[in-house]
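Notes follow the structure.
Protein chains: 2
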Amino acid sequence: MAKLKLTYFDFDGGRGEPARLALHIGGIAFEDHRIAGKEWPAFRDKTPFLAMPTLEVDGQVFSQSNSINRYVGKLTGLYPNDDLQAFRCDEVMEAVEDISTRIGQTIGLPEDAKKKAREELAAGLITRFLEQFQTKLKAAGGEYFADRHLTVADLKVAMLIRWLRSGVLDYIPKDLVDTVAPQLVKHFERVTGHPKVAEYYQRRKAA
Amino acid sequence: MAKLKLTYFDFDGGRGEPARLALHIGGIAFEDHRIAGKEWPAFRDKTPFLAMPTLEVDGQVFSQSNSINRYVGKLTGLYPNDDLQAFRCDEVMEAVEDISTRIGQTIGLPEDAKKKAREELAAGLITRFLEQFQTKLKAAGGEYFADRHLTVADLKVAMLIRWLRSGVLDYIPKDLVDTVAPQLVKHFERVTGHPKVAEYYQRRKAA
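Chains as they are written, first to last, in our numbering: chain A, 323 to 529; chain B, 323 to 529.
In structure tokens form, the structure reads like this:
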């Protein structure tokens with residue numbers, strides 16, 4: 323088994339969290355390297371594309387969150403073998419990344435511009451993406467996004483849903499998901515209720 | 323064999339072109355559905371995430387360009403079977419998408435803001451990404467980005483390099499790639515010199 327080191331910010335969410343969860347679910351040992359916010363400016367240049375997460379595999383550095391999710395998903399049985407099911411899984415992960423990036427780009431804006439941008443996103447792209455995710459979930463059987471079992475796509479969507487419902491994103495109604503795509507709330511509860519996921523967060527809370 | 327219909331803008335480049343090239347190289351029949359720029363505003367809402375390309379597989383619509391590239395790559399032998407080589411391939415495709423999106427976001431800006439944004443990108447992220455692509459190309463053996471043979475990652479990078487060197491992007495020096503990552507120019511020539519790729523563009527030119 324390859325030696326794995328996952329490097330990401332020190333919080334329970336974002337682009338690095340699906341891989342942490344997948345490795346935990348799969349019972350695969352890895353170094354959980356966490357970078358504090360204040361360390362990031364100095365650390366940034368050490369990453370290939372000035373971004374985290376990165377995953378070292380036997381010392382070889384890889385980056386790009388969905389590429390990491392896919393590799394880790396293969397190691398842990400959380401990525402479909404079937405080409406068409408893998409396509410479903412990939413599409414959803416890539417779309418979550420797209421909308422997350424759009425939301426992320428509003429974080430540093432001045433307050434007025436942030437309000438305008440986020441209100442437009444909430445009424446426009448975010449609603450559209452949530453509706454589409456719900457449609458795709460139903461098309462895939464209603465419980466999981468691909469292959470009728472938990473995959474890294476489910477973990478990726480769950481992190482987005484948690485973020486949107488957390489209340490940290492001013493001007494994006496925290497009940498938006500519940501209103502426009504209630505099946506995604508049920509899906510979120512399904513994912514976070516997975517015994518390994520639930521145990522992981524209980525342990526994190528206690529730490 | 324599934325019935326395939328690829329829908330994208332009517333030009334030889336961008337996010338839809340790697341899949342077109344891959345299908346051509348692999349000799350797999352598909353409907354090459356091209357949307358004229360003037361048709362796009364009305365067509366946009368028919369796509370799942372308000373974006374192209376999309377790929378229909380036996381009538382089922384999928385989107386997200388790298389997800390499409392990966393699926394098509396598997397059909398055509400242009401995607402690695404080995405997990406670590408697939409990781410290399412994925413990482414590069416995802417990074418190309420990231421930098422292309424950043425460049426794409428400058429297209430609609432007012433002239434002054436466009437100049438500022440593109441000059442910053444050229445000196446900053448674009449240079450960084452090009453240098454890293456060159457480093458990763460060398461680490462993978464120097465000829466191809468993964469698995470020592472042509473993959474969809476090579477097609478994806480080649481489209482970026484052609485765009486950057488084309489001269490259509492004002493304020494981004496068209497010799498930037500040649501200056502900061504000359505191995506990527508050689509790589510571009512290797513990809514476009516592939517008999518099937520060369521034949522494809524000769525045929526397009528004649529059409």
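Beta carbons: idealized from backbone N, C-alpha and C, even for Gly.
Please state whether the Cβ-Cβ distance between residue i and residue j is less than 8 Å.
i        : j        : result
Asn388/B : Glu416/B : yes
Cys411/A : Thr501/A : no
Gln407/A : Leu459/A : no
Val507/B : Phe455/B : no
Thr428/B : Ala439/B : yes
Leu477/A : Val418/A : no
Ala358/B : Asp334/B : no
Ile425/B : Leu491/B : yes
Ala576/B : Pro402/B : Residue 576/B lies beyond the stretch modelled for chain B, which goes from 323 to 529, so this question has no answer here.
Ile494/A : Phe451/A : no
Gly336/B : Leu400/B : no
Going by DSSP, which residues form a beta bridge with residue i?
i        : result
Tyr330/B : Arg356/B
Thr376/A : Thr329/A, Ser385/A
Starting from the Cα of residue i, find the closest Cα among the options and give me that residue.
i        : options                                : result
Lys496/B : Arg526/B, Ile483/B, Gln505/B           : Ile483/B
Gly463/A : His509/A, Ile494/A, Glu378/A, Arg366/A : His509/A
Met323/B : Ile425/B, Ile494/B, Val379/B, Lys368/B : Val379/B
His346/B : Met481/B, Glu521/B, Lys527/B, Gly489/B : Glu521/B
Phe409/A : Ala461/B, Pro402/B, Val383/B, Gly348/B : Val383/B
Leu443/A : Lys527/A, Pro517/A, Leu486/A           : Leu486/A
Ala503/A : Leu377/A, Thr457/A, Asp404/A           : Thr457/A
Tyr466/B : Leu431/B, Glu511/B, Glu433/B           : Glu511/B
Glu453/A : His471/B, Asp367/B, Pro363/B, Ala475/B : Asp367/B
Asp404/B : Glu441/B, Lys436/B, His471/B, Pro363/B : His471/B
For residue i, is the beta carbon positioned less than 7 Å from some heavy atom of the ligand FAD?
i        : result
Arg366/B : Absence of the ligand FAD is noted for the structure shown, with no ligands found whatsoever.
Notebook entry, point to check: For the segment 339-346 of chain B against the segment 395-406 of chain B, are there 3 or more C-beta pairs whose distance is under 8 Å?
Noted result: yes
Notebook entry, point to check: Is it a yes or a no for the segment 327-336 of chain A touching the segment 350-364 of chain A, going by three-plus beta-carbon pairs under 8 Å?
Noted result: Proximity of the segment 327-336 of chain A to the segment 350-364 of chain A meets the contact definition, three or more beta-carbon pairs being nearer than 8 Å.
Next item on the list: Report yes or no: do three or more beta-carbon pairs, one from the segment 366-379 of chain B and one from the segment 438-452 of chain A, lie closer than 8 Å?
Entry: Judged by Cβ distances under 8 Å, the segment 366-379 of chain B makes contact with the segment 438-452 of chain A, as three or more pairs qualify.
Margin query: Suppose only complete runs of 4+ residues qualify. What are the alpha helix (DSSP H) ranges in the segment 404-468 of chain B, listed by chain order?
Written below: 405-426, 433-443, 449-461
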